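Residue numbers (the UniProt record's numbering): 1 to 267. Let me begin by presenting the structure, written as structure tokens, before commenting on it.
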Amino acid sequence: LPGIKYKYKEAEVSCCVKYFLFGFNILFWLLGAAFLAIGLWAWAEKGVLSNLSSITDLGGFDPVWLFIVVGGVMFVLGFAGCIGALRENTRLLKFFSVFLGLIFFLELAAGILAFVFKDWIKDQLNFFINNNIKAYRDDIDLQNLIDFAQGYWSCCGAHGPDDWNLNMYFNCTEQNHSRERCGVPLSCCVKDPGVVNTQCGYDVRREELDQQKYIYTKGCVGQFEKWLQDNLIIVAGTFVGIALLQIFGICLAQNLVSDIKAVKANW
Numbered sequence: 001l002p003g004i005k006y007k008y009k010e011a012e013v014s015c016c017v018k019y020f021l022f023g024f025n026i027l028f029w030l031l032g033a034a035f036l037a038i039g040l041w042a043w044a045e046k047g048v049l050s051n052l053s054s055i056t057d058l059g060g061f062d063p064v065w066l067f068i069v070v071g072g073v074m075f076v077l078g079f080a081g082c083i084g085a086l087r088e089n090t091r092l093l094k095f096f097s098v099f100l101g102l103i104f105f106l107e108l109a110a111g112i113l114a115f116v117f118k119d120w121i122k123d124q125l126n127f128f129i130n131n132n133i134k135a136y137r138d139d140i141d142l143q144n145l146i147d148f149a150q151g152y153w154s155c156c157g158a159h160g161p162d163d164w165n166l167n168m169y170f171n172c173t174e175q176n177h178s179r180e181r182c183g184v185p186l187s188c189c190v191k192d193p194g195v196v197n198t199q200c201g202y203d204v205r206r207e208e209l210d211q212q213k214y215i216y217t218k219g220c221v222g223q224f225e226k227w228l229q230d231n232l233i234i235v236a237g238t239f240v241g242i243a244l245l246q247i248f249g250i251c252l253a254q255n256l257v258s259d260i261k262a263v264k265a266n267w
């Protein structure tokens with residue numbers, strides 16, 4: 001109407017969204033850098049950085065790869081989200097949201113496939129454990145990982161103690177002159193709070209002994225399945241929490257991109 005002035009609200013970037021996204025990602029960025037530093041330090045200690053060809057020498061799984069891959073992904077995502085929010089860079093923010101969305105859908109696909117092809121996953125887990133049993137003495141990090149798994153789940157081998165026949169130091173062949181012949185690692189031993197017997201696994205598969213008194217006789221594949229069933233709510237809740245965190249990050253980034261575009265449209 002004539003004589004009446006209308007005041008239009010100008011578009012602006014939400015400071016709350018901007019700095020919350022910045023703080024949200026700087027934690028991931030620093031955590032990713034810490035993971036990368038730990039991984040590189042572990043490789044340096046093992047001489048991998050001075051001889052990169054040794055990466056492929058290990059017959060089993062090198063746990064350091066977990067730190068390198070997870071740390072690298074977190075570092076890249078944290079950098080894109082942190083700098084993208086601080087500098088209001090839409091390209092970095094789009095990269096952050098697309099990359100995070102891709103990881104989310106890969107996790108979702110992996111979960112569905114694991115449920116549909118659970119028998120195949122079980123076979124692959126069995127193959128993975130046995131393959132790493134062969135390389136048990138080849139890498140200290142792998143050895144510590146196997147020892148932790150067997151101690152935590154009170155298990156021995158993939159399906160039982162006899163799986164340690166796959167290892168050149170523990171097998172029962174006549175060609176094996178190791179003191180550990182027909183034995184199992186210490187982590188297979190039943191824990192005795194009063195006594196620490198570092199040789200409890202020696203010869204335990206050679207003699208006609210009641211193995212259950214000395215070592216765990218259940219395989220790690222079965223024990224891991226039982227642990228999953230007993231802790232299904234916790235495991236599912238953890239994955240749902242991670243998924244919601246990823247969706248929340250994507251929404252924040254997209255909201256900030258929309259605000260930046262709206263401001264630029266008014267220029």
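Where is the CB? At the ideal position from N, CA and C, for every residue including glycine. It should be emphasised that the depicted structure is a prediction, and the values quoted were computed from it without experimental measurement.
*Candidates Gly219, Val263, Ala253, Leu232, of which the one nearest Ile133 by Cα*: Counted from its first residue, the sequence shown places residue 133 at position 133. Nearest of Gly219, Val263, Ala253, Leu232 to Ile133, Cα basis: Gly219.
*Runs of alpha helix (DSSP H) wholly within the segment 224-267 (minimum 4 residues, chain order)*: Restricted to the segment 224-267, the alpha helix (DSSP H) segments that are unbroken, complete and at least 4 residues in length are 232-265, listed in chain order.
_By the three-class DSSP mapping on this structure, what secondary structure does Cys189 have?_
The count along the sequence shown starts at 1 and reaches residue 189 at position 189. Cys189: strand per DSSP, three-state reduction.
_Residues bridged to Ile215 [DSSP beta-bridge criterion]_ = The sequence position of residue 215 within the sequence shown is 215, counting from 1. Paired residues: Cys189.
*For Gly180, which residues from the same chain have a beta carbon less than 6 Å from its beta carbon, with the 5 sequence-adjacent residues on both sides left out?*
In the sequence shown, the residue the question calls residue 180 occupies position 180. The question names Gly, but residue 180 is Glu in the sequence shown. Tyr169, Phe170, listed in sequence order.
*Please confirm whether Gly81 and Asn25 have their CB atoms less than 8 Å apart.*
For the purposes of this step, residue 81 is taken as residue 81 along the sequence shown, with counting starting at 1. For the purposes of this step, residue 25 is taken as residue 25 along the sequence shown, with counting starting at 1. Contact flag set, yes.
*State the Cα-Cα distance for the pair Leu256 and Ser14, rounded to the nearest angstrom.*
Position 256 of the sequence shown, counting from 1, holds the residue named residue 256. Position 14 of the sequence shown, counting from 1, holds the residue named residue 14. Computed Cα separation, rounded: 7 Å.
*asked:* If you follow the alpha helix (DSSP H) that Trp29 is in, where does it begin and where does it stop?
replied: Taking the sequence shown and counting its residues from 1, the one referred to as residue 29 is at position 29. Boundaries of the alpha helix (DSSP H) around Trp29: 15-45.
_CA nearest to the CA of Leu66, picked from Leu244, Val184, Ala37_ = As a position in the sequence shown, residue 66 is number 66, starting the count at 1. Out of Leu244, Val184, Ala37, Ala37 has the C-alpha closest to the C-alpha of Leu66.
*Measure the alpha-carbon distance for Asp192 versus His177 and round it to whole angstroms.*
Residue 192 sits at position 192 when you count from the first residue of the sequence shown. Residue 177 sits at position 177 when you count from the first residue of the sequence shown. Roughly 29 Å between the two C-alpha positions.
*Name the residue from Ala114, Leu106, Gly23, Asp139 whose alpha carbon lies nearest to the alpha carbon of Trp43.*
Indexing the sequence shown from 1 puts residue 43 at position 43. For Trp43, the nearest C-alpha among the options comes from Asp139.
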